[in-house]
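Numbering (this note's numbering), first residue to last: 35 to 276. Working notes for the structure below.
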Ligand SMILES: Nc1ncnc2c1ncn2[C@@H]1O[C@H](COP(=O)(O)OP(=O)(O)O)[C@@H](O)[C@H]1O
Ligand SMILES: [Mg+2]
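Right, here's the structure in full:
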């Protein structure tokens with residue numbers, strides 16, 4: 035059974051249907067990417083999985099537990115975590131205080147300290163700046179901090195909402211290396227990206243959303259070669275003639 039199984043969910047904001055009958059699975063050990071234009075419903079999908087917006091139809095299971103109506107903190111406790119769009123780190127707190135916030139669900143002090151050491155070992159930039167205010171970090175370092183903070187919850191599945199947005203090309207490639215490494219170390223990843231080419235290159239499977247519905251899903255190589263997807267998101271193909 036899939037680690038995350040989203041089955042036919044619908045979400046609306048008042049009269050706006052943001053998601054209609056959306057299904058998607060993430061298996062243990064996988065990177066799954068969700069692509070789509072602005073307003074397609076990508077962020078809403080991640081928020082629904084986290085429990086930050088209610089679903090009005092369908093179901094969500096995570097690690098064999100029905101979480102369709104569970105509170106977000108319960109889901110985080112089960113091993114689900116979201117690195118939201120725009121990072122949302124607290125710039126008036128230090129790097130270490132931000133990391134500590136990621137572990138606020140956990141009570142095992144020694145395990146938390148071990149996790150913090152592991153994060154500092156992985157991110158030397160953060161280790162060097164642990165007592166500095168997060169506002170002193172570059173955009174790329176702030177994204178690493180947001181990911182480090184999410185790691186503090188010891189997730190089994192990390193959802194990332196447009197993590198490469200606004201980063202320099204150097205940091206974009208560091209970010210994708212990091213996603214690969216974390217996945218290699220056993221983390222499942224659900225990745226929403228504008229950088230379609232990069233996302234398809236790291237993903238094991240991909241899903242395309244249009245106006246809140248799944249329009250394509252499958253092998254990233256096949257999707258990357260699809261003329262309609264190229265025209266819409268990769269900026270390489272011509273729109274096919276009618
Ligand atoms: N809080 C909200 N209130 C009302 N409508 C919203 C809200 N958030 C998103 N929407 C609408 O839901 C749709 C999907 O938005 P979103 O999930 O943010 O798309 P994406 O992340 O793919 O750009 C859009 O039509 C958007 O305008
Ligand atoms: Mg979004």
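For every residue, glycine included, the Cβ atom is placed at its ideal position computed from N, Cα and C.
Along the segment 176-227, the alpha helix (DSSP H) occurs as fully enclosed runs of 4 or more residues at 203-218, listed in sequence order.
Distance from the C-beta of residue 108 to the nearest heavy atom of ligand 1 is not below 7 Å.
Residue range 38-47 is occupied by the beta strand (DSSP E) that includes residue 44. In chain order, the residues that have a beta carbon nearer than 7 Å to some heavy atom of ligand 2 are 76, 77, 119, 195, 196, 226. Contact annotation, residue 38 with residue 45: C-beta distance approximately 16 Å; criterion of less than 8 Å not satisfied. Listed as beta-bridge partners of residue 65 by DSSP are 223. Residue 67 places its beta carbon less than 8 Å from that of residue 240. Counting only unbroken stretches of 4 or more residues, the alpha helix (DSSP H) elements lying wholly within the segment 52-127 are 76-84, 106-112, in sequence order. Setting aside the 5 residues that flank it on each side, residue 251 is surrounded in the same chain by 241, each with a C-beta closer than 6 Å to its C-beta; the list follows chain order. When C-alpha distances from residue 187 are compared across 141, 122, 63, 35, the shortest belongs to 141. Residue 96 holds the alpha-carbon nearest to the alpha-carbon of residue 191 among 69, 96, 173, 81. Look at residue 166 here: in three-state DSSP terms it is coil, with no helix or strand label.
Collapsing the DSSP output to three states places residue 148 in a helix.
If the five residues before and after residue 105 are omitted, its C-beta is found closer than 7 Å to the C-beta atoms of 85, all from its own chain and listed in chain order. About 5 Å separates the Cβ atoms of residue 93 and residue 102, confirming a contact at the 8 Å cut-off.
Judged by their CB atoms, residue 177 and residue 197 are nearer to each other than the 8 Å cut-off. For residue 243, the pairing in a beta bridge is given by DSSP as 248. When DSSP reads this structure, residue 129 sits in no beta bridge, so it has no partner.
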